[in-house]
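Since the structure comes first, as C-alpha cells, the remarks are kept for the end.
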Amino acid sequence: MKKGKFITLEGGEGVGKTTNLSFIRHFLENQGISVVVTREPGGTKLAEKLRQLLLENQEETISEKTELLLMFAARAQHINNVINPALERGDWVLSDRFTDATYAYQGGGRNIDTSLIAWLEQFVQSGLQPDLTLLFDAPIELGMQRAKKRGSLDRFENEQLAFFNQVRKAYLHRAQQNSERIKIIDATQSLENVEKNIQQLLITMV
Ligand code: TMP
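The sequence shown runs 1174 to 1379 under our numbering.
Structure below.
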C-alpha cells in the first residue's frame, strides 16, 4: 500500500535539476515530511553499477535495445528495493529522473517505439506512477553550455544537438499528454521564480 507521495524531476542536460532537488527536499522537510532523495538510473548499489555502465563512454557500442533494457533493469531494482518500501513506510520519494526520461531519451532520442516502452513500463512498474513530475525546460544550447561547464561529458552528453532536440520534443509531448501529472517549469527564469513556481505546485500536495 502506497502511503507516501512520489515526485520526479525531469528535463534535458544542464537544466538545473540538482539545485532544485535540494530546494524541494528542504521545502518538504520543513513541512515535517520524511523524504527519500534518489535518482535514475541508480538509487541502489546494483542500479548505480548499471548507471556507470550506461553513462561511461564505452569502447564497445551499446545497442539501443541494450540501453533500454539496462535502464529498465536498473529501474526494477530501484522500485523494488527503494521506491516501493519508502512509499509503503509513508515517506515521500523524490527522484532525479524516472520513466519519462526513457520516453524522452530512448523514445525520442533513439527512436524506439513508444508502445515497447509502455509494455516494459507496465511490466516493471505494475502501475506505479509519480504523483507529480516537474519538467524543467530550457533551450538545448543553454543546457549544453551548463553541462560542459561541469567537466568531461558522459555518453549521453556526447550526443549531437539533433538528439537533444528530439529529447526535448518528446518531453514536451509527454507533458501535453499527461498534463495532470507533468508540470512544465521554465528553467530559463531566475532561480527565485523557478522556486516560486515549484512551491506553488508543492503546496497543493502537502
Ligand atoms: P543525469 O542524472 O546526470 O541527468 O544523467 C542521466 C542520463 O541518463 C541522462 O543523460 C539521461 C539518461 N537517461 C536515459 O537515457 N533514460 C532513462 O530512462 C534515464 C532515467 C536516464
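Quick reminder that beta carbons are idealized off the backbone N, C-alpha and C, glycines included.
Beta-carbon proximity list for residue i, same chain, < 7 angstroms, skipping 5 on both sides
i, result
"residue 1214", "1220, 1223, 1224, 1227, 1244, 1247"
"residue 1194", "1182, 1210, 1267, 1269"
"residue 1178", "1265, 1304, 1378"
"residue 1334", "1313"
"residue 1316", "1185, 1186, 1187, 1188"
heavy atom of the ligand SAM below 8 angstroms from residue i C-beta
i, result
"residue 1223", "Summarising the ligand content, the structure contains the ligand TMP and does not contain the ligand SAM."
Neighbourhood of residue i by C-beta distance below 8 angstroms, restricted to the same chain and skipping five residues each side
i, result
"residue 1196", "1368, 1371"
"residue 1211", "1251, 1255, 1256, 1266, 1267, 1268, 1269"
"residue 1231", "1328"
"residue 1200", "1371, 1372, 1375"
heavy atom of the ligand TMP below 8 angstroms from residue i C-beta
i, result
"residue 1344", "no"
"residue 1244", "yes"
"residue 1274", "yes"
"residue 1238", "no"
"residue 1228", "yes"
"residue 1213", "yes"
"residue 1271", "yes"
"residue 1248", "yes"
"residue 1359", "no"
"residue 1310", "no"
"residue 1279", "yes"
"residue 1329", "yes"
Same chain, Cβ closer than 6 angstroms to residue i, five either side skipped, listed in chain order
i, result
"residue 1287", "1280"
"residue 1176", "1263"
Q) Quick check: the segment 1337 to 1357 against the segment 1273 to 1288, are there 3 or more CB pairs under 8 angstroms? A) Counting C-beta pairs closer than 8 angstroms gives three or more between the segment 1337 to 1357 and the segment 1273 to 1288, which meets the contact rule.
message: Three Cβ pairs or more, each shorter than 8 angstroms: is that satisfied between the segment 1254 to 1271 and the segment 1189 to 1208?
response: Yes: at least three Cβ pairs fall under 8 angstroms.
Quick check: the segment 1310 to 1321 against the segment 1184 to 1203, are there 3 or more CB pairs under 8 angstroms?
Under the Cβ criterion (8 angstroms, minimum of three pairs), the segment 1310 to 1321 counts as touching the segment 1184 to 1203.
Fully enclosed by the segment 1198 to 1273, which beta strand (DSSP E) runs are 3 residues long or longer?
-> Within the segment 1198 to 1273, the complete beta strand (DSSP E) runs of at least 3 residues fall at 1208 to 1212, 1265 to 1269.
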